[in-house]
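Anchor point for the first sequence: position 410 equals 410 in UniProt numbering, and the numbering is continuous, going up by one each time.
Even glycine gets a Cβ: it sits at the ideal position worked out from N, Cα and C.
Being a predicted model, the structure only gives us computed values, none of them experimental.
Step one of this worksheet: look at the structure below.
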Amino acid sequence: MNPNLLITLSSFSLSRQHQRSLFHTKANLIQKLQTSKDLTSSTSTHSNVVKSGFLHDTFTSNHLLNSYVRLLRIDYAHKVFDEMPEPNVVSWTSLMAGYVSAGQPELAIWVFQKMQESSVFPNEFSFATVINACSSLANLKVGRRIHALIEVMGFGSNLVVCSSLVDMYGKSNEVDEARIVFDSMSSRNIISWTSMITSYSQNAQGHHALQLFREFNHLKLDSPNHFMLSSVINACASLGSLGAGKATHGVAIRLGHDTNTNDVIASALVDMYAKCGCVYYSETVFRKIPNPSLIPYTSMIVGAAKYGLGTLSLQLFQEMIDRKIKPNDVTFVGVLHACSHSGFVDKGLEFLNTMNKKHGVMPDAKHYTCVADMLGRVGRVEEAYRLAKSVHDHIELNEGKALLWGTLLSASRLHGRVDIAIEASKKLIESNQQVAGAYVTLSNTYVLAGDWENAHSLRSEMKHSGIRKEPGCSWIEIKESTYLFYAGDVSNCAQGSEIVRLLRKLEEKMKERGYGGVSTGLVFIDVEEEAKEEIVGMHSERLALAFGLMNTPKGGIIRIMKNLRMCRDCHEAFKMISDIVEREFVVRDVNRFHHFKNGSCTCRDFW
DNA sequence: TAATCCTTTT
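Below, the structure written as structure tokens:
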């Protein structure tokens, strides 16, 4: 036998064996990376990747990079990326997605810019990811620029890219642009529909959200999932539309997204029922959640707080602490709100002072605003003022400053503290937010203090400088009808005289029960022509107080207790109002609710 | 191998 042949043969077989073992190793490595659930597992596979010489293999390295991304270890992921000799489009996209899920979307955009300087072209995956980053930052400027690039590069018809654009425009408060993209799509899936519905519901266009939901159901393409349903419930909440809310609840139950299987839907329902004036339904839903997490607890605490059920709020707060659920900043807004609406002033101050030490939540503008409101309610305007002054410089955003001083302005107007009202107005005007509102409120403060001269000159000043306050409007749904009110004009409402009659009656009752200190809108209505705006606004609120809650165009719900700042026991006041009103106006329709639980209805049956 | 949607705030 030729010895040379033998050598050739054996080396041939060795090399095949070697190759096969390497092939298996690579497949094994990738499989390990795909299933890795912890950092130790990923780093150990990482070292095996290095040992077997696969680090320079882009495909393997991408898997390694993604394994770190899934573990939210963007630092490790970026290191892997930096060591890649030839990162491809998948590597770039994974790195961007990693920064988005790690909560650093601005760095995802930075990576996208670096990618454009490289020789690798972005594809539909890269665009969907970077638009998602713009969306979470609500960065419309960059978002628009990338949208243009998407069109230029021919990705404008991709389903996922378009869905992310709809979402981005929605989150940036450009609903009309979101709708243009949505309408331009040649095919849509449930996510595209949800993105558009969510754009509407997050931009105070609940009716459009419900309309689109109806269209989606009519097409029968797919059945709504929990993403879509929670957005729809949110829309019902912002409309204060109990009927639609119950119907959607029914759909959720029928489709198996029941409150004990889905935390997100449960949280939305708790919030919806509270905003629709049925906090006891909220509680029923909440108590059916097996292990409520932070958000359901927070929704329930906030909901109870709004109704003056302060004790319930604080009990729930204690309960979540006992269950080792860590409260966040919103939870404390609810807790402080509860103290404020139930007259637990000292408790509220204590929460403010200890929330950081005990629970690691740093108080910010919204918490100081709650406390200032709480102090103002009980007439401790001076203290509220000192608090606002001491934290003013620590508040970063003008929006936060406006919130705080706006609260102080109303409190000082209510208590006739013209001096503080003037300073608060100045601060409000400085912050460049709600300028017109500040002028109007300040002018009304002068009226209250009997200073007609200043009130008048302020109004003239507004006229001259062209500052105009948009007339406020609010609406309330009672049974099937929607009642719309424009500030400054009660007569435009068909039930005008009926409303005035009701308001007078409420006023009498309030005086009887010793709430005479509450400033009375009706008394002032004929006093000064130009101060009407806000005063009639108060009428609407008074009416809302009677029915529960009212809605505003911005999607906010006017709180029922707002006009009863002087009462310590708002819950008592609320009960009193409901006593008067329920007999005459409100007939709660609870039967339909049970129907949903048993029946096999579809939402279409109810619209 | 990489991408899109949800709930709590003043």
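Asked                                                                                                                : Found
Beta-carbon gap between threonine 298 and valine 330 smaller than 8 Å                                                : yes
Distance between isoleucine 253 and leucine 72 (C-alpha atoms, nearest Å)                                            : 34 Å
DSSP state of arginine 145 mapped onto helix, strand, coil                                                           : helix
Alanine 133 to isoleucine 109 span [Cα, whole Å]                                                                     : 7 Å
CB contact flag (threonine 40, leucine 29, <8 Å)                                                                     : no
Which listed residue (Asp419, Ala421, Pro363, Glu383) has its alpha carbon closest to that of histidine 394          : Pro363
Rounded separation between arginine 417 and lysine 366 - CA only                                                     : 23 Å
Rounded C-alpha distance that separates histidine 341 from glycine 379                                               : 14 Å
Cysteine 278 - DSSP class collapsed to helix/strand/coil                                                             : coil
6 Å Cβ shell around tryptophan 405 - same chain, five flanking residues per side excluded                            : Ala424, Lys427, Leu428
Cβ-Cβ separation, leucine 336 to valine 371 (assumed contact under 8 Å), whole Å                                     : 6 Å
Endpoints, the alpha helix (DSSP H) within which lysine 426 is located                                               : 418-430
Cα-Cα separation, leucine 442 to alanine 204                                                                         : 28 Å
N- and C-terminal bounds of the alpha helix (DSSP H) containing residue 609                                          : Nothing in the structure corresponds to residue 609, since the chain is present only between 1 and 607.
DSSP-derived helix/strand/coil call for isoleucine 325                                                               : coil
Extent of the continuous alpha helix (DSSP H) run through glycine 376                                                : 365-377
Rounded separation between alanine 388 and lysine 347 - CA only                                                      : 19 Å
Helix, strand or coil at valine 130 [DSSP, three-state]                                                              : helix
Distance between alanine 128 and methionine 84 (C-alpha atoms, nearest Å)                                            : 23 Å
Outcome for aspartate 373 when other beta-carbon atoms lying within 10 angstroms are tallied against a minimum of 16 : buried
6 Å CB neighbourhood of glutamine 34 in its chain, flanking five on each side removed                                : none
Integer-rounded CB distance, given that valine 285 should sit under 8 Å from valine 302                              : No, valine 302 and valine 285 are not in contact; Cβ-Cβ is about 14 Å, not under 8 Å.
Unbroken alpha helix (DSSP H) run spanning isoleucine 191, endpoints                                                 : 190-202
With 16 other Cβ atoms within 10 Å as the buried cut-off, status of isoleucine 535                                   : Only weak support exists for where isoleucine 535 lies, its pLDDT of 37 falling under 50; the coordinates are left without a value.
Test item: CB-CB of leucine 65 and leucine 95 under 8 Å                                                              : yes
Beta-carbon proximity of glycine 206 to cysteine 236, cut-off 8 Å                                                    : yes
CA nearest to the CA of glutamate 174, picked from Arg323, Lys141, Glu382                                            : Lys141
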